[in-house]
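K.L.:
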Amino acid sequence: MFRLEAYDTQYGTHLNTRPIPVVSCSWSQSWNTAGSMSVTIAVGEATQGIDLNELLVEQYTLLALMDGDQIIHAGPILEAPEWDAESQQLTIKCGGGWSLLDWRLVLDPRLNERSYEGSIEVDEDNPSGEWVLGYGGSAGDIAKALIGLAQQWGRLCVNVPVGLTEQPGIEPLSVSAYAWEMKTIGSMLDDLMSMETAGQLRFDPKLDADGRFSWQTRWARTGIVDHSYLWNTLQPDSRIVLQGVSGGGTPIATQVWATGGRSDGRILITRADDESSASGMLLQAGNASNTNSLAALHAYARGTLAASRRDRTWKLRVGREHQVRVGDHIDLRVQDEYVYERNRDGQHTSTLIALVVTDVSGNISDDYLDVQARQRATSVNGVRPGNSNPMTWLASRLDRLQSDVAAALTPVVVRRPTVARMTTTRLTAEET
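Residues 1 to 432 in full-length UniProt numbering are what the sequence shown lists, from first letter to last.
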């Protein structure tokens, strides 16, 4: 049974003495974002004795939606609750654990020891240490440092991650910011986790043994997999429904250029190429920025190329008992007139699609979850509608067509060549 609890965002202290009555509540969680929750409370007899105006204070209070001992979603109140006097209902908008870091700036704590009023002189080319902050290493290392920086300015109920598992052989990342840019730690984490090899960062809500609330920071370069599911949509009682497949919004590119800032007549520049671009026409994309970090330019170029693929979003309706989390793996068996593999004789076969969950949403009045996922691996031999890379997909289709024609004209068996892999993307097409 669902219930709503309130906690202090600084210390995680439980605030309400009895559950807060809820009329409706919906939540949404996505890959490397804070997530959101909307709550409606009916003010009346059930709320007698609860000072909602004092309890539900934006930024100082967080709300947690509970189902038994499980926390479904939790987040700080983002703005003043909206009161509808006609219906006597209160609507509250909440974020997620990531949202707390939008209220902390990327500033050296030493700046807090000084008094600033009016103009000051700063050497932009060679600023003193307290005016620039930079971090390097894996995305987990950098996230740990940024969360630690936030805690130096004042306590938040977000645990600084410890014991993050490193994956060797990965090029280190780097981020930096000048104090006068007034970047938030939340936005810096956004920039960090948009890099190609950053992986997944998640803030999981939990309760300690004494009932104190906190967010546990988790990171994994290859994604956070709490569950691996094998689902069959052909099974009537599975409560797994494939609703459809939609196209991705990222244009295809086979070559990406990126330029940075200029200094002393020199300019930073980098380029990323799709190694299989010879299989199709050249499709270029580019971006100009003022960054002085070559690593940031590399990350942008490779990340743009990685995102540029014939990708698809798979939309599912899933029974809430499955407790799906963003990052989970799904092997989904389907049989569909559009999503299928074909045998040589053209017959449809039931297809097992390997997916990774990117979005989960739900509401307390529905015992199904809305789940979105993307393919984490695909076959190059005719999978529809989405493969990891458009050029690999095109090459495989042309190759199979040539093979079929040759087989029809001669009894000689034609051996099909292996499709080239892309080395610049996280997802690669593999023959099965």
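Glycine included, every Cβ here is placed at the ideal spot set by N, Cα and C.
Note that this is a predicted model, so its numbers are computed, not measured.
1) Output the distance between the C-alpha atoms of G260 and N292, rounded to the nearest integer angstrom.
2) Using a Cβ-Cβ cut-off of 8 Å (strictly less than) and excluding sequence neighbours within five positions of residue 473, which residues of its own chain qualify?
3) Counting only the same chain and skipping the five closest in sequence on each side, list residues whose C-beta sits under 6 Å from that of W31.
4) Span of the alpha helix (DSSP H) holding D190?
5) Looking at V360: is its Cβ nearer than 9 Å to the Cβ of D367?
6) Can you name the start and end residues of the alpha helix (DSSP H) that G148 belongs to?
7) Is it true that the CB of S24 sits closer than 9 Å to the CB of S365?
8) Pairing CB atoms from the region 132 to 145 with CB atoms from the region 63 to 70, are three or more of them under 8 Å?
9) Does the beta carbon of L305 sit closer than 9 Å to a beta carbon anywhere in chain C?
10) From the DSSP output, in three-state form, read off A76 for me.
11) Confirm, please, whether the CB-CB distance from A253 to A288 is below 9 Å.
12) Relative to the C-alpha of T9, which residue among R212, Y60, R104 is closest?
13) Going by DSSP, what residue range makes up the beta strand (DSSP E) through E82?
14) Could you check which residue in L352, H329, P205, P236 has the C-alpha nearest to that of G95?
15) In this structure, does DSSP put T197 in helix, strand or coil?
16) Is it a yes or a no for the region 312 to 327 touching the region 240 to 249, going by three-plus beta-carbon pairs under 8 Å?
17) What does the Cβ neighbour count give for residue 436, buried or exposed, with the cut at 16 atoms within 10 Å?
18) Rounded to a whole number of angstroms, what is the C-alpha to C-alpha distance between V356 and S115?
19) Determine whether the beta carbon atoms of R104 and W180 lie at a separation below 9 Å.
20) Three-state secondary structure (DSSP) at D102?
21) Out of V334, N16, G44, point me to the one whose CA is closest to L55's CA.
22) Buried or exposed: D328, going by 16 or more other Cβ atoms within 10 Å of its Cβ?
23) Buried or exposed: which applies to R312, given that a residue is buried once 16 or more other Cβ atoms fall within 10 Å of its Cβ?
24) When we look at the beta-carbon of G386 and count the other beta-carbons within 10 Å, is it buried (16 or more) or exposed?
25) Please return the same chain residues whose Cβ sits closer than 7 Å to the Cβ of P109, not counting the five positions on each side in sequence.
26) So A46 packs on Q89, CB below 8 Å; how close in whole Å?
27) Determine which residues share a DSSP beta bridge with C94 and list them.
P.N.:
The structure says:
1) Mapped onto the sequence shown, residue 260 falls at position 260. Mapped onto the sequence shown, residue 292 falls at position 292. Rounded to whole angstroms, G260 to N292 spans 6 Å at the Cα level.
2) Within the shown structure, residues of the chain are numbered from 1 to 432, placing residue 473 beyond reach of any answer.
3) Counting from 1 along the sequence shown, the entry for residue 31 is found at position 31. Once the five neighbours on either side are set aside, the close Cβ partners of W31 are V326, T358.
4) Taking the sequence shown and counting its residues from 1, one reaches residue 190 at position 190. 185 to 193 is the span of the alpha helix (DSSP H), which, as asked, contains D190.
5) In the sequence shown, counting from the first residue as 1, residue 360 sits at position 360. In the sequence shown, counting from the first residue as 1, residue 367 sits at position 367. Contact flag unset, no.
6) Along the sequence shown, read from residue 1 onward, the residue named residue 148 stands at position 148. Its alpha helix (DSSP H) spans residues 139 to 152.
7) Taking the sequence shown and counting its residues from 1, the one referred to as residue 365 is at position 365. Taking the sequence shown and counting its residues from 1, the one referred to as residue 24 is at position 24. Contact: yes.
8) no
9) Any reference to chain C falls outside this structure, which holds one protein chain only.
10) Within the sequence shown, the letter at position 76 stands for residue 76. The sequence given here places Pro at residue 76; Ala does not occur at that position. Correct three-state label for P76: strand.
11) Position 288 of the sequence shown, counted from the start, is the residue given in the question as residue 288. Position 253 of the sequence shown, counted from the start, is the residue given in the question as residue 253. Taking 9 Å as the Cβ cut-off, A288 and A253 do not qualify as a contacting pair.
12) Taking the sequence shown and counting its residues from 1, one reaches residue 9 at position 9. The shortest C-alpha separation from T9 is found at Y60.
13) If you number the sequence shown from 1, residue 82 lands on position 82. First-last of the beta strand (DSSP E) with E82: 82 to 84.
14) What you label residue 95 is simply residue 95 of the sequence shown in a count that begins at 1. Ranking the options by Cα distance to G95, first place goes to P205.
15) One-based indexing of the sequence shown puts residue 197 at position 197. Looking at T197 - three-state DSSP - the assignment turns out to be coil, as it is neither helix nor strand.
16) yes
17) The structure shown has nothing for residue 436, since the chain only spans 1 to 432.
18) On the sequence shown, position 356 is the one that residue 356 refers to. On the sequence shown, position 115 is the one that residue 115 refers to. Each residue's Cα considered, the two are about 50 Å apart.
19) Residue 104 sits at position 104 when you count from the first residue of the sequence shown. Residue 180 sits at position 180 when you count from the first residue of the sequence shown. Against a cut-off of 9 Å, the Cβ pair of W180 and R104 comes out as no contact.
20) Working through the sequence shown from its first residue, we reach residue 102 at position 102. D102 falls in the helix class under three-state DSSP.
21) Here residue 55 corresponds to residue number 55 of the sequence shown, with the count starting at 1. Ranking the options by Cα distance to L55, first place goes to N16.
22) Position 328 of the sequence shown, counting from 1, holds the residue named residue 328. So D328 counts as buried.
23) As a first step, residue 312 is located in the sequence shown; it is residue number 312 there, counting from the start. Its Cβ being crowded by 16 or more others within 10 Å, R312 is buried.
24) Translated into the one-based positions of the sequence shown, residue 386 becomes position 386. Confidence at G386 is low in this model, with a pLDDT of 34, below 50, so its placement is unreliable and no value can be given for it.
25) Position 109 of the sequence shown, counted from the first residue, corresponds to residue 109. Correct list, in chain order: Q152, W153.
26) The count along the sequence shown starts at 1 and reaches residue 46 at position 46. The count along the sequence shown starts at 1 and reaches residue 89 at position 89. Not quite, the Cβ-Cβ distance comes to about 12 Å (not below 8 Å), so this is no contact.
27) By 1-based counting over the sequence shown, the position of residue 94 is 94. Partner(s): M37, I77.
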